[in-house]
Amino acid sequence: EAAVTQSPRNKVAVTGGKVTLSCNQTNNHNNMYWYRQDTGHGLRLIHYSYGAGSTEKGDIPDGYKASRPSQENFSLILELATPSQTSVYFCASGDTGGSQNTLYFGAGTRLSVL
Amino acid sequence: QQQVRQSPQSLTVWEGETAILNCSYEDSTFDYFPWYHQFPGESPALLIAIRPVSNKKEDGRFTIFFNKREKKFSLHIADSQPGDSATYFCAASADYGNEKITFGAGTKLTIKP
Numbered sequence: 126e127a128a129v130t131q132s133p134r135n136k137v138a139v140t141g142g143k144v145t146l147s148c149n150q151t152n153n154h155n156n157m158y159w160y161r162q163d164t165g166h167g168l169r170l171i172h173y174s175y176g177a178g179s180t181e182k183g184d185i186p187d188g189y190k191a192s193r194p195s196q197e198n199f200s201l202i203l204e205l206a207t208p209s210q211t212s213v214y215f216c217a218s219g220d221t222g223g224s225q226n227t228l229y230f231g232a233g234t235r236l237s238v239l
Numbered sequence: 002q003q004q005v006r007q008s009p010q011s012l013t014v015w016e017g018e019t020a021i022l023n024c025s026y027e028d029s030t031f032d033y034f035p036w037y038h039q040f041p042g043e044s045p046a047l048l049i050a051i052r053p054v055s056n057k058k059e060d061g062r063f064t065i066f067f068n069k070r071e072k073k074f075s076l077h078i079a080d081s082q083p084g085d086s087a088t089y090f091c092a093a094s095a096d097y098g099n100e101k102i103t104f105g106a107g108t109k110l111t112i113k114p
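So the protein sequences, as listed, match chains Y and Z.
Per this note's numbering: the first sequence = residues 126 to 239.
Per this note's numbering: the second sequence = residues 2 to 114.
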């Protein structure tokens, strides 16, 4: 079964600070995604990647950067964290092979920006 | 701009009834429509999915009905069980293997025993 590991699981940051959320997948999927989940908004796509070295903007990329240094790792970077970025962040991996594109989610990172 | 709209925001049905969750979309290039469920404290997981080559997809008690002309699709959960209580997300993506997947805002489903 696909394995997606996020770290840290919980993070408290100060406004204006830099935050890095990390994601590692062991199933050799080409695609990786970062979503944030907020009540009333569901899952909103921040950045995604087709493979090592690639990053693409999702629907709400402002205030976030992403990095995909390898097939396994995909990071989300908040250079200047703001309280509006307080949320639960999910990383996912997926493969477009076959008839469906299934996403496998990590356990999530709960971020609080004070 | 929300490309995938989901309703209702919350839904309560009695055990044994059929729960109906609805979604609509705007982008005509969307051609893959999955439903994910998320139990409290857990991550979302794929439940069932459909491509518009067919207008119905069944998997046990779960059925997707798809209406391409109206750009709508729905999830029917027959014989609802308390264990089905969760948040359900519809989603959509364009093209075979397109990497961007857009989710709806979710429906919180509660099944009363």
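Glycine included, each C-beta is placed from N, C-alpha and C at the ideal position.
In summary, the residues of the segment 146-168 of chain Y whose CB is separated from some CB of chain Z by less than 7 angstroms are Asn156, Gly165, His166, Gly167 and Leu168, in the order they occur in the chain.
Interface flag for Y/Tyr173 against chain Z is set, since a Cβ pair is found closer than 8 angstroms.
Contact check for Z/Phe40 and Z/Ala93: beta-carbon distance about 22 angstroms, past the 8 angstroms limit, so the pair fails to qualify.
Taking Y/Pro186 as reference, the option from Y/Lys143, Y/Tyr160, Y/Ser179 and Y/Pro194 with the minimal CA-CA separation is Y/Tyr160. Using beta-carbon distances, Y/Leu228 counts as an interface residue toward chain Z, with a partner under 8 angstroms.
Taking C-beta separations shorter than 8 angstroms and ignoring five residues to either side along the sequence, the partners of Y/His172 in its chain run Tyr158, Trp159, Thr180, Glu181, Lys182, Gly183, Pro186, Tyr189, Lys190, Ala191 and Leu201, following chain order.
Contact note: Z/Lys72 does not reach chain Y at a C-beta cutoff of 8 angstroms; the least C-beta distance is about 18 angstroms.
Taking a 10 Å sphere around the C-beta of Y/Leu239, we find fewer than 16 other C-beta atoms and assign the residue as exposed. For Y/Val139, no beta strand (DSSP E) segment is defined, and its DSSP state is neither H nor E.
Straight through space, the alpha carbons of Y/Thr211 and Y/Leu146 are spaced by roughly 13 angstroms.
The beta carbons of Z/Cys24 and Z/Arg6 sit about 7 angstroms from each other, so the pair counts as a contact at 8 angstroms.
When Cβ-Cβ separations below 8 angstroms define contact, Y/Gly178 makes no contact with chain Z. At a Cβ-Cβ threshold of 8 angstroms, Z/Gln82 and Z/Glu16 count as neighbours.
Counted as a single uninterrupted DSSP element, the beta strand (DSSP E) harbouring Z/Ala50 occupies residues Ala46 to Ile51.
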